[in-house]
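S.K.: In the working numbering, the protein residues as written are 122 to 670.
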């Protein structure tokens, strides 16, 4: 669950530290008090793009930090490792966003991350719904995913997708070979030329560096001979280093005769003399070895030029050149032996299609068993939410050809009023109705939904009275299996919360700021009285009854 939310310099909030507990958490307050700031902060945590206008006036940046406690980190760690990050050391995950005037940054467990990774992670942490935020529920693909979750068909779906991908890949390969029948003679000649040209070069990438070193020595042989000869002469020529070193050795021997204790300090002289003599000998040998045959130098240059030419055409590296030869050979083989290959691929494709059909049949069986059960469960939830005579169905429609998600599609159908035809959810105009349908679906799938935190931002808009109370009870029931944050204007909803917080706008030092605080006991009753829109003992009694009923 989300245990801590820190907000700094975001809109009207200068500094806010909010500690959350489990269950249903109600958030209330006057319109404009800053409840939307909490939603905005959570959207930043979810990876939504940030605007500079979010930064509190006069500040350089704003920040949001969220701390999650996750009993099972396996799924989150898989995403972190896929993004190149270290897994969580314990059960705690910390997300931080910093929005600046010139740049934005985001961190997971203090490691900088991309916005794409943060968004991917956020989808597994928070499920946020506002009064008009129901696109996921209206998507038929998402509806099919909900059915699979309810049916526990994830493994069947994974097996089907794997067989489907193999089948489509083999079909694409067959299609490519069939297109090869239209290959022109010009393409065939080009392929043969490329293969011949590359094979004639007898490429050995491991020898390339040695070849370049030899060519470099050959092309600079004159300068190398001159430099090595000059160095040798400086060592062993008239008045050279070795001749002068002999005089130094004579002087040191005289010193040692007069003071034997100096030998420890002069011992390195003999070593230096021997090393310089060896150096002079090595330089002389090197000069002799550099006597390179001009014909050999020319051969090396031609070889280097050939490799560079091939790399310019097919490179940039010799390994790329070899890969191009292999690709050309494979393409030519496909063209020249297409008849045999087509026959082989058609047999393989038939086998893969049978595998797809078998996997699809197993998946379809699971879905068709679960669909009426899910529809019935959602209908029960809808009745609890005020749709006493509504109808809900989850019909499956078979596809003429297997698709990426299976052999059928689905579209939830809903009829809020008896005697009226059921319509797809996307055709429901009332935001109040679709909000309650969404809550019913979430309640039916509560055991299968692994998202730790659910946030409902005023989804109880356009309802009231006993329906609002039913919405509150449904959210409270969800709170027994998830952490739920409900931002609401209805006292009937707020009264069902396990924890009640109030967002308040205050003016201090000439600046407006928002704060959030917990209400319990009498202060909670007073907040419910305010929400009821009245005062006096009657309103207080009603508020108290909401907390006890």
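Beta carbons: idealized from backbone N, C-alpha and C, even for Gly.
Keep in mind it's a predicted model, so treat the numbers as computed, not measured.
Please list the terminal residues of the continuous alpha helix (DSSP H) segment that includes residue 677.
M.R.: The structure shown does not extend to residue 677, since the chain is modelled only from 122 through 670, so no value can be given for it.
S.K.: Can you name, in chain order, every residue of its own chain whose Cβ lies under 8 Å from the Cβ of residue 506, other than the five neighbours on each side?
M.R.: Counting only Cβ-Cβ distances below 8 Å, and skipping sequence neighbours, we find 557, 560, 561, 588, 591, 592 and 595.
S.K.: Could you tell me whether the segment 199-214 touches the segment 148-160, using the rule of 3 or more Cβ pairs below 8 Å?
M.R.: Contact fails: fewer than three Cβ-Cβ distances are below 8 Å.
S.K.: Alpha carbon to alpha carbon, how far is residue 241 from residue 180? Give it in angstroms, no decimals.
M.R.: In a straight line, the C-alpha of residue 180 is about 30 Å away from that of residue 241.
S.K.: At which residues does the alpha helix (DSSP H) containing residue 186 begin and terminate?
M.R.: Unbroken run through residue 186 is the beta strand (DSSP E), 182-190; no alpha helix (DSSP H).
S.K.: Assign residue 648 to buried or exposed, taking buried as 16 or more other Cβ atoms, counted over all protein chains shown, within 10 Å of its Cβ.
M.R.: Buried, by the Cβ-count rule.
S.K.: With three or more C-beta pairs closer than 8 Å as the rule, is the segment 566-578 touching the segment 263-277?
M.R.: As far as the Cβ criterion goes, the segment 263-277 touches the segment 566-578, which means the pair count is three or higher.
S.K.: Along the chain, where does the alpha helix (DSSP H) that runs through residue 148 open and close?
M.R.: Careful: residue 148 lies outside any alpha helix (DSSP H), inside the beta strand (DSSP E) at 145-149.
S.K.: Can you tell which of 125, 127 and 135 has the C-alpha that lies nearest to the C-alpha of residue 633?
M.R.: Among 125, 127 and 135, the Cα nearest to that of residue 633 belongs to 135.
S.K.: Taking Cβ positions, are residue 400 and residue 356 nearer each other than 8 Å?
M.R.: In this structure, residue 356 lies closer than 8 Å to residue 400 by Cβ.
S.K.: Leaving out the 5 sequence neighbours to the left and right, which residues in its chain are closer than 7 Å to residue 600 when beta-carbon positions are compared?
M.R.: For residue 600, where only same-chain residues beyond five positions count, the Cβ hits under 7 Å are 144, 145 and 619.
S.K.: Considering only their Cβ atoms, is the gap separating residue 466 from residue 298 smaller than 8 Å?
M.R.: Cβ atoms of residue 298 and residue 466: closer than 8 Å.
S.K.: Kindly list the residues whose CB is nearer than 7 Å to the CB of residue 667, restricted to its own chain and excluding five residues on each side of it in sequence; keep chain order.
M.R.: Excluding residues within five positions, the ones whose Cβ falls inside 7 Å are 612, 613, 616 and 649.
S.K.: With a threshold of 7 Å on Cβ separation, who are the neighbours of residue 537 within its own chain once the five nearest residues in sequence on each side are excluded?
M.R.: Once the five neighbours on either side are set aside, the close Cβ partners of residue 537 are 508, 511 and 554.
S.K.: Report buried or exposed for residue 426, applying the criterion of at least 16 other Cβ atoms within 10 angstroms of its Cβ.
M.R.: Exposed is the call here.
S.K.: Thinking C-alpha only, which one of 276, 207, 336 and 652 is nearest residue 418?
M.R.: Answer by Cα proximity: 336.
S.K.: Would you please state the rounded distance, in angstroms, between the beta carbons of residue 128 and residue 160? I believe it to be under 8 Å.
M.R.: So it is not a contact: roughly 11 Å between Cβ atoms.
S.K.: Counting along the chain, where does the beta strand (DSSP E) carrying residue 523 start and finish?
M.R.: 517-524 is the span of the beta strand (DSSP E), which, as asked, contains residue 523.
S.K.: Considering just the uninterrupted stretch of the alpha helix (DSSP H) at residue 709, what are its terminal residues?
M.R.: Residue 709 lies beyond the residue range present for the chain, which begins at 122 and ends at 670; the question has no answer from this structure.
S.K.: What is the rounded straight-line gap between the Cα of residue 453 and the Cα of residue 346?
M.R.: Approximately 51 Å between the Cα atoms of the pair.
S.K.: Pull up the distance between the alpha-carbon of residue 226 and that of residue 207, whole angstroms please.
M.R.: Computed Cα separation, rounded: 19 Å.
S.K.: Which class does residue 626 belong to by DSSP, given the choice of helix, strand or coil?
M.R.: Residue state, collapsed to three classes: strand.
S.K.: Is the shortest distance between the beta-carbon of residue 591 and the beta-carbons of chain E less than 8 Å?
M.R.: Any reference to chain E falls outside this structure, which holds one protein chain only.
S.K.: CA-CA distance, residue 239 and residue 246?
M.R.: Taking the straight line joining both Cα atoms gives about 10 Å.
S.K.: Give the secondary structure of residue 137 by DSSP, where H, G and I count as helix, E and B as strand, and everything else as coil.
M.R.: DSSP places residue 137 in strand when its eight states are reduced to three.
S.K.: Bridge partners of residue 607, per DSSP?
M.R.: The partner list for residue 607 (beta bridge, DSSP) reads 147 and 577.
S.K.: Kindly indicate the opening and closing residues of the alpha helix (DSSP H) around residue 651.
M.R.: Looking at the DSSP string, the run of the alpha helix (DSSP H) that includes residue 651 is 642-653.
S.K.: Where do the N-terminal and C-terminal ends of the beta strand (DSSP E) with residue 123 fall, by residue?
M.R.: Unbroken beta strand (DSSP E) run through residue 123: 123-131.
S.K.: In angstroms with no decimal places, state the Cα-to-Cα distance between residue 137 and residue 187.
M.R.: Answer to the nearest angstrom: the Cα atoms are 12 Å apart.
S.K.: Looking at the strands, I want to know which residues DSSP matches up with residue 666.
M.R.: None, per the DSSP bridge assignment.
S.K.: If I follow the unbroken beta strand (DSSP E) through residue 458, where does it start and stop?
M.R.: Segment: none, residue 458 is in no beta strand (DSSP E) and carries neither H nor E.
S.K.: Residue 345 by DSSP, collapsed to three states: which one?
M.R.: Note: residue 345 maps to helix in three-state DSSP.
S.K.: With distances taken Cα to Cα, identify the nearest neighbour of residue 470 among 172, 155, 498 and 291.
M.R.: Nearest C-alpha to residue 470: 291.
S.K.: So residue 501 and residue 284 are supposed to be a Cβ contact under 8 Å. How far apart are they, rounded?
M.R.: Contact flag wrong, Cβ pair sits at about 36 Å.
S.K.: The beta strand (DSSP E) with residue 220 in it runs from where to where?
M.R.: Taken as a continuous stretch (DSSP letters only), the beta strand (DSSP E) holding residue 220 covers 213-221.
S.K.: Between the segment 420-438 and the segment 324-334, do at least 3 Cβ pairs fall closer than 8 Å?
M.R.: They touch, by the three-pair rule.
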